[in-house]
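Asks: Below are the structure tokens for one structure; questions will follow.
Protein chains: 2
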Amino acid sequence: MIDGRKARGEKKRRAIVEATLRVIERDGVAGVTHRSVAREAGVPTTASTYYFATLDDLLIATLLWVAEEVCDDMLQIVASGGTPREIARSLARAVNENRARTLAEYELYLLAGRRPELKAAAHRWLDLAVETARPADPVAFRAFLAAVDGLLIQGLTADVAPNEDDLEPIVSFLICGRDDSTPATREQ
Amino acid sequence: MIDGRKARGEKKRRAIVEATLRVIERDGVAGVTHRSVAREAGVPTTASTYYFATLDDLLIATLLWVAEEVCDDMLQIVASGGTPREIARSLARAVNENRARTLAEYELYLLAGRRPELKAAAHRWLDLAVETARPADPVAFRAFLAAVDGLLIQGLTADVAPNEDDLEPIVSFLICGRDDSTPATREQ
DNA sequence: AAACTTATGGAACAATCGTTCAAGTAGTTC
DNA sequence: GAACTACTTGAACGATTGTTCCATAAGTTT
């Protein structure tokens with residue numbers, strides 16, 4: 003029979019990872035300690051050390067989980083049409099309503115820069131995007147994917163975060179080629 | 003007369019900031035402590051606390067300094083022609099020879115996401131780029147600038163970092179429009 | 001040379017950290 | 001129910017941390 007203890011253990015492990023993400027959203031990766039995470043999860047400190055032998059293991063597990071979620075989100079955007087407007091809306095949400103979450107994602111993203119074993123997970127969404135979109139022009143698509151990262155990171159550090167309307171023309175340009183936005187005003 | 007003490011003080015202050023950047027390159031922002039920085043700079047710990055009342059001040063000073071350097075580098079690339087090939091070469095250098103430095107820059111970059119007072123410095127290179135390039139198509143230029151950030155961050159976390167030849171077609175597409183690379187093979 | 005400002009650096013503080021340990025509970029297998 | 005395994009948790013360890021303090025040195029001004 004299935005060991006009910008292990009099942010509950012997995013649940014707790016997952017709860018600790020989710021608490022870690024909340025801590026990163028609030029205080030950044032720098033704020034992650036066994037104690038702060040355990041407090042956030044409402045478990046004793048030793049619960050964190052039991053499931054994650056080292057602090058690094060905890061951060062790694064969090065990155066792996068977040069990377070999966072990013073992939074899911076990405077696929078959902080593609081599934082919902084993938085029009086420039088849809089994409090611009092998602093990006094705008096990422097740097098406004100979901101700002102803290104996106105910031106956390108990028109802090110974890112950079113972690114992969116220093117741990118080779120995390121690179122595959124961090125880049126999974128890129129591979130998945132290529133697989134799913136099957137772009138006619140791979141070069142243009144790579145440029146688009148790069149711009150997505152850039153728009154997000156620049157949006158996070160902007161004085162005022164861009165909204166859907168700010169982003170739409172740029173996304174549109176990247177997908178449809180030449181800038182055909184603002185059709186109301188004529189070239190002067 | 004000029005106070006020679008203050009002059010030497012400024013020099014030491016600068017040396018500590020430079021040491022901080024080296025620590026970040028080696029161990030990440032997480033590795034920055036008054037002690038580690040002082041050790042790197044070859045000064046007593048209290049020298050770091052004397053010039054920077056708090057650790058945060060030290061990181062802020064480091065970001066401000068790095069941001070200036072990024073602007074200088076960017077202007078130099080523009081000045082050296084700003085052709086797709088030149089730009090691709092600079093990007094390739096950033097994720098290969100200068101990998102550690104670029105990683106450090108992005109860790110500091112993200113810091114601005116949590117400190118509003120740093121946003122202006124972090125975005126200065128963007129404003130400067132627009133000022134300098136005076137692009138005919140601002141939307142396309144914004145897309146290009148976003149892609150630069152994305153290419154770098156993706157290059158830093160890639161399994162094997164892209165080289166000049168990998169990046170050139172993408173940069174070319176972003177600047178010249180439609181993909182006109184690989185002219186040797188015909189569309190099948 | 002006296003009065004001042006600035007820089008220097010060793011010692012020490014309380015706080016927090018990662019991690020270990022050991023004793024205990026509860027669920028599973030036989 | 002005995003043996004085994006998985007989880008739980010408080011207490012504690014040594015190490016490191018940011019920061020303060022203070023006595024001193026060195027440079028500047030008057």
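Keeping their order, the protein sequence lines are chains G and B. Numbering of the first sequence is given in our numbering, commencing with residue 3 and proceeding in unit increments. Numbering of the second sequence is given in our numbering, commencing with residue 3 and proceeding in unit increments. The beta-carbon is built from N, C-alpha and C at its ideal position, and this holds for glycine as well. Predicted model only: the values in this text are computed from it and were never measured.
1. Is the separation between the beta-carbon of E99/B and that of G30/B shorter than 8 Å?
2. Is the beta carbon of T159/G less than 8 Å from the beta carbon of G115/B?
3. On the DSSP letters alone, give me the boundaries of the alpha helix (DSSP H) that T104/B sits inside.
4. Compile a chain-ordered list of the residues in the stretch 123 to 136 of chain G whose CB is closer than 8 Å to at least one CB of chain B.
5. Grab me the residues of I26/B's own chain with a C-beta within less than 8 Å of its C-beta, minus the 5 sequence neighbours each way, in chain order.
6. Need the endpoints of the alpha helix (DSSP H) that I26/B sits in, please.
7. Could you compute how far the alpha carbon of G44/B sits from the alpha carbon of A149/G?
8. Run through DSSP, which three-state label would C73/G get?
9. Helix, strand or coil for V34/B? Go by DSSP, reduced to three states.
10. Can you tell me whether DSSP reads V162/G as helix, strand or coil?
11. When DSSP labels each residue in this structure, what does R41/B get in the three-state scheme?
12. Let me know if G2/B comes out buried or exposed under the rule of 16 or more other beta-carbons within 10 Å of its beta-carbon.
13. Among R24/G, E70/G and S38/G, whose alpha-carbon lies nearest the alpha-carbon of A1/G?
14. Just tell me which of F175/G, P137/G, A21/G and I62/G has its CA closest to the CA of A142/B.
15. Please report whether the beta-carbon of I89/G lies at a distance below 8 Å from any beta-carbon of chain B.
16. I18/G CB to nearest chain B CB: under 8 Å?
17. Quick one, which residues of the stretch 154 to 172 of chain B are near chain G if we go by CB-CB under 7 Å, in chain order?
18. Taking C-alpha atoms, which residue in P164/B, E20/B and K8/B lies nearest to V97/B?
19. What residues of chain B sit near R116/G, judged by a beta carbon separation below 8 Å?
20. Would you tell me roughly how many angstroms separate the C-alpha atoms of D5/G and G11/G, rounded to the nearest one?
21. Tell whether a beta-carbon distance below 8 Å holds between A49/B and A40/B.
22. Output, in chain order, the set of chain B residues within a Cβ distance shorter than 7 Å of L65/G.
23. Hey, is F54/B's beta-carbon within less than 8 Å of any beta-carbon in chain G?
24. With distances taken Cα to Cα, identify the nearest neighbour of L66/G among A145/G, R16/G and P137/G.
25. Any beta carbon of chain G sitting closer than 8 Å to that of Y108/B?
26. For L130/B and L93/B, which I take to be in contact (beta-carbon distance under 8 Å), what is that distance rounded to the nearest angstrom?
27. List the residues of chain G that A145/B touches, going by C-beta distances under 7 Å, in chain order.
28. Does the distance from the CB of P118/B to the CB of C178/B come in under 8 Å?
29. If you drop the 5 nearest sequence neighbours on each side, which residues of the same chain put their C-beta closer than 6 Å to that of A102/G?
30. Which one of D139/B, L113/B and R144/B has the shortest CA to CA distance from L128/B?
31. Could you give the DSSP three-state label for T56/G: helix, strand or coil?
32. Quick one, are the C-beta atoms of V173/B and A90/B less than 8 Å apart?
33. Please say whether L112/B and L112/G have beta carbons closer to each other than 8 Å?
34. Would you say K1/G faces chain B, with C-beta separation under 8 Å as the test?
35. For E42/G, is the classification buried or exposed, using 16 other Cβ atoms within 10 angstroms of its Cβ as the cut-off for buried?
Replies: In short:
1. no
2. yes
3. R101 to L113
4. A124, H125 and L128
5. G33, V34, T64, A106, E109 and L110
6. G6 to D29
7. 41 Å
8. helix
9. coil
10. coil
11. helix
12. Not covered by the structure: residue 2/B. The range shown for chain B is 3 to 190.
13. Since the first residue shown for chain G is 3 and the last is 190, residue 1/G is missing from the structure and cannot be characterised.
14. F175/G
15. no
16. no
17. I155, Q156, L158, T159, A160, D161, P171 and I172
18. P164/B
19. G30 and L105
20. 10 Å
21. yes
22. Under the 7 Å cutoff, chain B gives no residues; its nearest Cβ is about 11 Å from L65/G.
23. no
24. R16/G
25. yes
26. About 17 Å; that fails the 8 Å criterion.
27. A149, I172, F175 and L176
28. no
29. E27
30. R144/B
31. coil
32. yes
33. yes
34. Residue 1/G is absent from the structure shown; chain G starts at 3 and stops at 190.
35. buried
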